[in-house]
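In the order they appear, the protein sequences are chains U and F.
Taking my numbering, I'd label the letters of the first sequence as residues 2 to 117.
Taking my numbering, I'd label the letters of the second sequence as residues 69 to 176.
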Amino acid sequence: EAGVAQSPRYKIIEKRQSVAFWCNPISGHATLYWYQQILGQGPKLLIQFQNNGVVDDSQLPKDRFSAERLKGVDSTLKIQPAKLEDSAVYLCASSLASGGALETQYFGPGTRLLVL
Amino acid sequence: AQRVTQPEKLLSVFKGAPVELKCNYSYSGSPELFWYVQYSRQRLQLLLRHISRESIKGFTADLNKGETSFHLKKPFAQEEDSAMYYCALLTNAGKSTFGDGTTLTVKP
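Here you go:
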């Protein structure tokens with residue numbers, strides 16, 4: 002089966018600019034996750050969707066980050082305006098149902114963002 | 069709030085030697101624990117989960133609730149085990165928290 006797709010793979014912007022990342026999960030997967038991975042750290046969950054509803058966005062910096070999954074399939078994560086500390090790899094993952102312990106999260110290749 | 073700690077950033081062993089990657093956690097509820105692996109130029113992927121009590125690629129991990137640990141072990145390391153390993157915790161509410169990872173290098 003096709004894996005989780007993400008685009009773009011790399012992005013370089015200047016601070017205060019805006020940027021958007023796109024994720025297409027595995028077909029039929031209800032749960033979609035966005036993670037931020039800063040160099041030298043583990044992935045940090047930003048937002049979790051189940052279908053088109055938000056399950057958890059407690060660590061999403063809502064003053065500058067937004068995400069949507071309007072039709073319950075693909076998703077977009079936006080940063081506006083970007084700061085230097087947003088430089089990171091943004092990972093998208095999906096799982097089949099509700100994201101429980103017996104489910105597997107499948108990760109995309111990530112988008113590497115550099116903010117200058 | 070939950071937390072996952074992997075005390076070793078880097079771990080180097082020789083081929084055929086035993087390897088143990090440490091993971092400690094703090095969480096007030098009953099956690100589910102996982103190990104993820106990222107091989108060079110590949111995606112992050114699940115290696116094993118506590119609830120399944122499985123052995124994958126010779127790796128095992130035992131949840132020790134008394135010591136709040138979930139260390140990953142393999143009796144005989146192989147060169148192809150060289151990778152970045154992340155320990156992760158899933159809360160009762162379904163939220164995932166990852167440690168900062170350990171880079172394992174298996175030398176020939």
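Just so you know, even glycine gets a beta-carbon here, dropped at the ideal spot from N, CA and C.
If you're wondering where the values come from, they're calculated on a predicted model, not measured in any experiment.
May I have the straight-line CA-CA distance separating Leu85 of chain U from Ala85 of chain F, to the nearest angstrom?
About 42 angstroms.
Should the region 78 to 96 of chain F be called in touch with the region 92 to 107 of chain U, which here means at least 3 C-beta pairs below 8 angstroms?
no
Can you pull the chain U neighbours of Leu89 of chain F, defined as C-beta to C-beta under 9 angstroms?
In chain order: nothing, as chain U lies at least about 13 angstroms away.
Please classify Asp87 of chain U: does DSSP put it in a helix, a strand, or coil?
In this structure, DSSP gives Asp87 of chain U a helical state, which the three-state scheme calls helix.
Suppose you measure from the CA of Ala89 of chain U to the CA of Arg10 of chain U; what does that come to, to the nearest Å?
12 angstroms
Min CB distance Ser76 of chain U to chain F below 8 angstroms
no
Roughly how many angstroms separate the alpha carbons of Asn53 of chain U and Tyr107 of chain F, rounded to a whole number?
32 angstroms
Here's the rule: buried if 16 or more other CB atoms are within 10 angstroms of the residue's CB, otherwise exposed. What is Ser120 of chain F?
exposed
Spatial neighbours of Arg70 of chain U within its chain, please: CB distance less than 7 angstroms, with the 5 preceding and 5 following residues excluded, ordered by chain position.
Spatial neighbours of Arg70 of chain U in its own chain (CB-CB distance under 7 angstroms, excluding positions within 5 residues in sequence) are listed in chain order as Leu33, Phe50, Asn53 and Ser76.
Neighbourhood of Ser19 of chain U by C-beta, 8 angstroms cutoff - its chain only, sequence neighbours within 5 removed
Lys79, Ile80, Gln81, Pro82 and Ala83
Among F:Gly169, F:Leu112, F:Pro75 and F:Cys91, nearest to Leu92 of chain U - alpha-carbon criterion:
F:Leu112
Taking Cβ positions, are Tyr43 of chain U and Phe166 of chain F nearer each other than 8 angstroms?
Checking the sequence, you will find Gly at residue 43 of chain U rather than Tyr. Result yes, Cβ atoms of Gly43 of chain U and Phe166 of chain F sit closer than 8 angstroms.
Extent of the continuous beta strand (DSSP E) run through Thr67 of chain F:
The requested residue 67 of chain F does not occur in the structure, where chain F is confined to residues 69 to 176.
Does DSSP classify Glu122 of chain F as helix, strand or coil?
coil
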